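Enquirer:
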Amino acid sequence: MSRKLSTYGKYFFDFYNKLDEDLQEKIDWVFELIKSVDHIPKKYFQHVENSDGLFEIRIEFESNIYRIFCFFDEGNLVILINAFQKKSQKTPKSELDFAKNLKKQYFIDKKLSLENEKGINKKNKR
Numbered sequence: 005m006s007r008k009l010s011t012y013g014k015y016f017f018d019f020y021n022k023l024d025e026d027l028q029e030k031i032d033w034v035f036e037l038i039k040s041v042d043h044i045p046k047k048y049f050q051h052v053e054n055s056d057g058l059f060e061i062r063i064e065f066e067s068n069i070y071r072i073f074c075f076f077d078e079g080n081l082v083i084l085i086n087a088f089q090k091k092s093q094k095t096p097k098s099e100l101d102f103a104k105n106l107k108k109q110y111f112i113d114k115k116l117s118l119e120n121e122k123g124i125n126k127k128n129k130r
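Just so you know, my numbering puts 49 at position 45 of the sequence shown, and the rest follows in order with no gaps.
#1: Figure out for me which residue from N80, I63 and E29 has the closest Cα to the Cα of A87.
#2: Would DSSP call D77 helix, strand or coil?
#3: Identify the residues that DSSP records as bridge partners of S98: which are they?
#4: Can you have a look at I61 and say buried or exposed, based on whether 16 or more other CB atoms are within 10 angstroms of its CB?
#5: Give me, in chain order, the residues of the same chain whose beta-carbon lies closer than 8 Å to that of P96; leave out the 5 immediate sequence neighbours on both sides.
#6: Taking only three categories from DSSP, how would you classify Y15?
#7: Looking at the unbroken beta strand (DSSP E) that takes in I44, where does it start and where does it end?
#8: Are the region 95–110 and the region 6–23 in contact at 8 Å, needing three or more beta carbon pairs?
#9: Along the chain, where does the beta strand (DSSP E) that runs through Q50 open and close?
#10: From the DSSP secondary-structure annotation, give me the bridge partner or partners of A103.
#11: Run the CB neighbour count on L84, radius 10 Å, all protein chains shown included, and call it buried at 16 or more, exposed below.
#12: What three-state label does DSSP hand E60 in the structure shown?
See below:
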């Protein structure tokens with residue numbers, strides 16, 4: 005199995021770039037697992053209930069828990085959106101709502117981009 009990871013917006017890297025190097029290495033290791041393993045253990049990757057197709061990448065590091073929201077586009081393409089440090093058992097509603105909005109905006113932007121591309125191609129054929 006081969007999956008590709010991509011980001012949408014700056015939110016994931018804004019979070020990632022503030023982390024210490026050891027935590028970044030752990031996240032990178034989990035990303036490699038997601039890209040290469042057919043069945044990703046739930047410990048690292050899980051569907052978020054009532055989220056319309058959102059998943060969370062789960063990172064435990066030292067005594068802290070981190071979550072990275074993502075979703076699939078075109079089968080094996082995983083789009084990373086936002087991330088946060090989890091401070092309680094329940095995922096904050098504000099983080100989940102933000103992720104849902106980013107996913108929605110991603111598909112709007114993608115559709116507009118494809119429409120613009122088609123328009124440019126039509127002009128070039130004339």
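Cβ atoms here follow ideal geometry from the backbone N, Cα and C, with glycine treated the same way.
Everything numeric in this text was worked out from a predicted model, so none of it was measured.
Expert: Quick look at the numbers:
#1: I63
#2: strand
#3: S98 pairs with nothing; no bridge assigned.
#4: buried
#5: F88
#6: helix
#7: Unbroken run through I44: none, as it is neither H nor E.
#8: yes
#9: F49 to H51
#10: According to DSSP, which records beta bridges pairwise, A103 is partnered with nothing at all.
#11: buried
#12: strand
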